[in-house]
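Okay, so here's the structure we're looking at.
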Amino acid sequence: MRVRKAVLPAAGFGTRFLPATKSIPKEIMPLVDRPIIQYAVEEAVASGIEQIIIVIASGRSAIEDHFDSSPSLERWLEERGDIEMLRTIRRISEYGTVAFVHQREQLGLGHAVLMAKDLVGAEPFAVLLSDDVMLNPHGEPVTKQLIDAHLAHRGSVLAIQRVDRADVGRYGILDPLHEEGRLVEIRDLIEKPSVEDAPSDLAVLGRYILTPKIFDVLEQTSRGAGGEIQLTDGIRGLIREQPVFGYQFEGTRHDAGTRLGWLKANVAVGLESDDADEFRSYIRGLDLRD
Numbered sequence: 011m012r013v014r015k016a017v018l019p020a021a022g023f024g025t026r027f028l029p030a031t032k033s034i035p036k037e038i039m040p041l042v043d044r045p046i047i048q049y050a051v052e053e054a055v056a057s058g059i060e061q062i063i064i065v066i067a068s069g070r071s072a073i074e075d076h077f078d079s080s081p082s083l084e085r086w087l088e089e090r091g092d093i094e095m096l097r098t099i100r101r102i103s104e105y106g107t108v109a110f111v112h113q114r115e116q117l118g119l120g121h122a123v124l125m126a127k128d129l130v131g132a133e134p135f136a137v138l139l140s141d142d143v144m145l146n147p148h149g150e151p152v153t154k155q156l157i158d159a160h161l162a163h164r165g166s167v168l169a170i171q172r173v174d175r176a177d178v179g180r181y182g183i184l185d186p187l188h189e190e191g192r193l194v195e196i197r198d199l200i201e202k203p204s205v206e207d208a209p210s211d212l213a214v215l216g217r218y219i220l221t222p223k224i225f226d227v228l229e230q231t232s233r234g235a236g237g238e239i240q241l242t243d244g245i246r247g248l249i250r251e252q253p254v255f256g257y258q259f260e261g262t263r264h265d266a267g268t269r270l271g272w273l274k275a276n277v278a279v280g281l282e283s284d285d286a287d288e289f290r291s292y293i294r295g296l297d298l299r300d
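Just so you know, we're using this note's numbering here: the sequence shown kicks off at 11 and counts up by one.
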């Protein structure tokens, strides 16, 4: 079955970016000239996704406004003759069907995914965490790579990459059952293990293709710390029901959910922009000595 729908959780408080996120959602913070969340939406659309489901907190209308049409702005751009920017602005409201689901309580990533159950229905779907900015400018989008792996193997597929052993405590880490090329069948997932307890250096990184069985599992998943339903716990339950795979994707991931990661993502995107040559010249001219 085709993967036609994508869920984008966007209901967090963005505490790492306070005070900037006091009045705007973290997902609306810019990477060069676009909000963080727009990169994930564009990746999904480029991967063949037809319906985007964004899970937001109450009062986060800025995200809805961004993906809505803006007649007054469009009219002003048209009057000025700025046709290129007019097309860019109109394209934002033409990303297929964009639906919004309100998560009234922030009860974890698993709960946010569960909120989209009625709109997803009984079909496989993608989950994209917009904090994880995936760049693969000269190849296929990461979500498309996962969709292809799902269609080939008919199981849920998680985006994975190897990380430094010293950093395994920051991620969900795979306990691999079998590896074949880029594909890894998963025996178990360990959330943020110690270096000593980590079963591998393969980390899950913000992109998922999940079968609809995940909804049944999440509904039966016990709440953890803070009363939250964690997606990792749901996937661990899913592994006991059906095969789940990791796919070592091609591309670069930037954690735009941290200040340093956001800065790095801006540099990476800037180096692929129309201003790249001038930007490189600027960076080379900086005095970076301590």
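Think of the CB as a built atom: it goes at the ideal place given N, C-alpha and C, for glycine as much as any other residue.
Gly149 vs Glu260 beta-carbon contact at 7 Å:
Locating residue 149 in the sequence shown gives position 139, counting from the first residue. Locating residue 260 in the sequence shown gives position 250, counting from the first residue. Yes.
Start and end of the beta strand (DSSP E) containing Thr153?
Within the sequence shown, residue 153 is the residue found at index 143, counting from 1. From DSSP, Thr153 is part of no beta strand (DSSP E) but of the alpha helix (DSSP H) over 152 to 163.
Would the beta-carbon of Thr31 fall within 7 Å of that of Gly22?
Locating residue 31 in the sequence shown gives position 21, counting from the first residue. Locating residue 22 in the sequence shown gives position 12, counting from the first residue. Not closer than 7 Å, so no.
Spatial neighbours of Arg175 within its chain, please: CB distance less than 8 Å, with the 5 preceding and 5 following residues excluded, ordered by chain position.
Taking the sequence shown and counting its residues from 1, one reaches residue 175 at position 165. Val205, Ala208, Asp211, listed in sequence order.
Regarding Ser103 and the ligand ATP, is the C-beta to nearest heavy atom distance less than 6 Å?
No copy of the ligand ATP appears in this structure; indeed no ligand is present at all.
Can you name the start and end residues of the beta strand (DSSP E) that Lys15 belongs to?
Indexing the sequence shown from 1 puts residue 15 at position 5. Run containing Lys15: 15 to 20, per the beta strand (DSSP E) assignment.
Put Gly244 into one of helix, strand or coil per three-state DSSP.
Here residue 244 refers to the residue found at position 234 of the sequence shown. Residue state, collapsed to three classes: helix.
For Ser82 and Gly280, I'd like the C-alpha separation in whole angstroms.
Stepping through the sequence shown from its first residue, residue 82 is reached at position 72. Stepping through the sequence shown from its first residue, residue 280 is reached at position 270. Near 29 Å, if we compare the C-alpha coordinates of Gly280 and Ser82.
On the DSSP bridge assignment, give the partners of Thr268 in chain order.
Working through the sequence shown from its first residue, we reach residue 268 at position 258. Partner(s): none; Thr268 has no beta bridge.
Taking a contact to mean a Cβ-Cβ separation below 7 Å, would you say Glu282 touches Pro151 in this structure?
Here residue 282 refers to the residue found at position 272 of the sequence shown. Here residue 151 refers to the residue found at position 141 of the sequence shown. With a cutoff of 7 Å on beta-carbon distance, Glu282 and Pro151 are scored as not near each other.
Whose CA, out of Leu193, Ser140, Arg180, Met125, lies closest to the CA of Leu156?
In the sequence shown, counting from the first residue as 1, residue 156 sits at position 146. Looking at the Cα atoms, Leu193 is the closest of the given residues.
Check this for me: beta carbons of Asp141 and Ala266, under 7 Å apart or not?
Translated into the one-based positions of the sequence shown, residue 141 becomes position 131. Translated into the one-based positions of the sequence shown, residue 266 becomes position 256. When the beta-carbon positions are compared, Asp141 and Ala266 come within less than 7 Å of each other.
Can you give me the Cβ contacts of Gln240 inside the same chain, cut-off strictly under 6 Å, excluding the 5 residues immediately before and after it?
The sequence position of residue 240 within the sequence shown is 230, counting from 1. The answer, listed in chain order, is Gly118, Gly120, Gly234.
Using the Cβ count rule (16 or more neighbours within 10 Å means buried), how would you classify Thr153?
Residue mapping note: residue 153 aligns to position 143 of the sequence shown, counting from 1. Burial call: buried.
For Gly236, which of Met125, Val173, Gln116, Leu168 has the nearest alpha-carbon?
In the sequence shown, counting from the first residue as 1, residue 236 sits at position 226. Of all alpha-carbon atoms in Met125, Val173, Gln116, Leu168, the one lying nearest the alpha-carbon of Gly236 is that of Gln116.
Apart from the five residues just before and just after Gly182, which ones in its own chain have a Cβ nearer than 6 Å to its Cβ?
In the sequence shown, residue 182 corresponds to position 172, counting from 1. Cβ neighbours of Gly182 beyond the five flanking positions: Leu199, Glu201, Val214, Thr242.
Note down, in chain order, each residue of its chain lying with its Cβ closer than 7 Å to the Cβ of Met144, except the 5 sequence neighbours on either side.
In the sequence shown, residue 144 corresponds to position 134, counting from 1. Answer for Met144: Glu53, Val152, Arg217, Gly261, Arg263, listed in chain order.
Between Ala109 and the rest of its own chain, which residues show a CB-CB distance below 8 Å, the 5 nearest in sequence each way excluded?
Reading the sequence shown from its first residue, position 99 is the one you call residue 109. Gln61, Ile62, Ile63, Ile64, Leu129, listed in sequence order.
If you follow the beta strand (DSSP E) that Gly256 is in, where does it begin and where does it stop?
Counted from its first residue, the sequence shown places residue 256 at position 246. Unbroken beta strand (DSSP E) run through Gly256: 254 to 258.
Three-state secondary structure assigned by DSSP to Val51:
Start at 1 with the first residue of the sequence shown, and residue 51 comes out as number 41. DSSP places Val51 within a helical segment (H, G or I) once states are collapsed to three.
Just to confirm, is the Cβ distance from Ile219 to His160 under 7 Å?
As a first step, residue 219 is located in the sequence shown; it is residue number 209 there, counting from the start. As a first step, residue 160 is located in the sequence shown; it is residue number 150 there, counting from the start. If you check the CB distance, Ile219 and His160 come in under 7 Å.
Please report the Cβ distance between Ile38 and Ala72, rounded to the nearest whole angstrom; I am assuming they are in contact, meaning their Cβ atoms lie under 8 Å.
Translated into the one-based positions of the sequence shown, residue 38 becomes position 28. Translated into the one-based positions of the sequence shown, residue 72 becomes position 62. In this structure Ile38 touches Ala72 by the C-beta definition: roughly 5 Å separates them, less than 8 Å.
Report the partner residues of Gln171 according to the DSSP bridge assignment.
Taking the sequence shown and counting its residues from 1, one reaches residue 171 at position 161. According to DSSP, which records beta bridges pairwise, Gln171 is partnered with Ala213.
In whole angstroms, what separates the C-alpha of Ile59 from that of Pro29?
Taking the first residue of the sequence shown as position 1, residue 59 is located at position 49. Taking the first residue of the sequence shown as position 1, residue 29 is located at position 19. If I take the Cα positions, the gap works out to 34 Å.
Within 10 Å of its beta-carbon, does Arg85 have 16 or more other beta-carbons around it, so buried, or fewer, so exposed?
For the purposes of this step, residue 85 is identified with residue 75 of the sequence shown, where counting begins at 1. Looking at its Cβ environment, which holds fewer than 16 other Cβ atoms inside 10 Å, Arg85 is exposed.
In this structure, how does DSSP classify Lys196 when only helix, strand and coil are distinguished?
For the purposes of this step, residue 196 is identified with residue 186 of the sequence shown, where counting begins at 1. According to the sequence as given, residue 196 is Ile; it is not Lys. Strand at Ile196.
By the 10 Å Cβ neighbour count, where 16 or more other Cβ atoms means buried, how is His76 classified, buried or exposed?
Your numbering for residue 76 matches position 66 in the sequence shown. Burial call: buried.
For Thr107, collect the residues of the same chain with a Cβ closer than 8 Å to its Cβ; drop the 5 residues on either side in sequence, then sort them by chain order.
Mapped onto the sequence shown, residue 107 falls at position 97. Around Thr107: Glu60, Gln61, Ile62.
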